[in-house]
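Going by our numbering, the first residue of the sequence shown is number 409, and it counts up by one from there.
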Amino acid sequence: MMINHRKELVRRLLNAGYIRTDSVRRAMESVPREEFIPDNVKQYAYVDQPLPIGHGQTISAPHMVAIICEELEIDEGMKILEIGTGFGYNAAVVADIVGKKGHVYSIERLSDLADKARDNLKRTGYSDRVSVIVADGTSGFKEESPFDRIYVTAGAPDIPEPLKEQLKIGGKLLAPVGQSDFTQELFIVEKKAQGKYKVRSLGGVAFVPLIGKHGWPEK
Ligand code: SAM
Numbered sequence: 409m410m411i412n413h414r415k416e417l418v419r420r421l422l423n424a425g426y427i428r429t430d431s432v433r434r435a436m437e438s439v440p441r442e443e444f445i446p447d448n449v450k451q452y453a454y455v456d457q458p459l460p461i462g463h464g465q466t467i468s469a470p471h472m473v474a475i476i477c478e479e480l481e482i483d484e485g486m487k488i489l490e491i492g493t494g495f496g497y498n499a500a501v502v503a504d505i506v507g508k509k510g511h512v513y514s515i516e517r518l519s520d521l522a523d524k525a526r527d528n529l530k531r532t533g534y535s536d537r538v539s540v541i542v543a544d545g546t547s548g549f550k551e552e553s554p555f556d557r558i559y560v561t562a563g564a565p566d567i568p569e570p571l572k573e574q575l576k577i578g579g580k581l582l583a584p585v586g587q588s589d590f591t592q593e594l595f596i597v598e599k600k601a602q603g604k605y606k607v608r609s610l611g612g613v614a615f616v617p618l619i620g621k622h623g624w625p626e627k
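Here it is as structure tokens:
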């Protein structure tokens, strides 16, 4: 039943142009989104919208996950850093694409959400490819840097400097940036050389705030 809903959603994302490659299509057809959603909203697992996961946080809409994967051109074997694990859905889709030779390091500041994400990733078979770390992701994850790709799933007043530093040369970083807490512009940044970046806007988005040392202060 759920598998048919999943295939139908992927078909709609393909028709709308959000999914452009076979690798993203396959990953979004494989990862059971319903396993990354709280029971009270599970029936909306295949509606293309963000859903609440508690603590005022959300699981991103499927079209946003598709945009992130396509714009970053995620490929097999890559080392990825995600800031904002939530319930782990986006990390699972990315883990599916990078395969057994790649790895996803995902940082979440709320330990309740990180615990849930670890359970969800284990149950769905992705836990060996995703490490969930409880920390302030605005400082990145220096121990495992540099990364092929970095993406931030919460909005900050600017792109945290440590994330730019921890990106490989030739690597890509995606982050929502804006001066208001809940509306931002989505930017994709390509690191051309040490300290040299090419920045492109992908348009307006609405993410929850990135709270931390290089983000918004906690209220
Ligand atoms: N990637 C998630 C998914 O797959 O649906 C979406 C997560 S939600 C839109 C953003 C998450 O970022 C929230 O869980 C929030 O707690 C987390 N967050 C906010 N500030 C953070 C920070 N400084 N470090 C790590 N996580 C942070």
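For every residue, glycine included, the Cβ atom is placed at its ideal position computed from N, Cα and C. Here the structure is a predicted model, which is why all the values come from computation and not from measurement.
On the three-state DSSP scale, how would you describe residue i?
i       : result
Asp-556 : strand
Glu-598 : strand
Leu-618 : coil
Lys-576 : strand
Ala-564 : strand
Ser-609 : strand
Ala-424 : coil
Ser-547 : helix
Glu-569 : helix
Lys-604 : strand
Ser-431 : helix
Glu-593 : strand
Ser-438 : helix
Measure the beta-carbon distance from residue i to residue j and round it to whole angstroms, keeping in mind my assumption that it falls under 8 Å.
i       : j       : result
Ala-562 : Pro-625 : About 14 Å; that fails the 8 Å criterion.
Tyr-426 : Ile-491 : Not quite, the Cβ-Cβ distance comes to about 22 Å (not below 8 Å), so this is no contact.
His-471 : Leu-421 : 6 Å
Val-597 : Ile-567 : 7 Å
Leu-594 : Val-607 : About 11 Å; that fails the 8 Å criterion.
Asp-535 : Asn-498 : Checking the sequence, you will find Ser at residue 535 rather than Asp. In fact, because the Cβ distance is near 15 Å, the residues do not count as touching under 8 Å.
Ala-522 : Val-542 : 5 Å
Legend entry - Touching by the beta-carbon criterion (3+ pairs, under 8 Å), the region 511-520 and the region 582-598: no
Legend entry - Every unbroken beta strand (DSSP E) inside the region 442-520 [3 residues or more]: 459-462, 465-467, 487-491, 511-516
Legend entry - At least three beta-carbon pairs within less than 8 Å, the region 561-580 to the region 594-614: yes
Inset, instruction - Please confirm if the region 526-537 is in contact with the region 453-462, defined as three or more CB-CB distances below 8 Å between the two stretches. - result: no
Legend entry - At least three beta-carbon pairs within less than 8 Å, the region 496-506 to the region 477-487: yes
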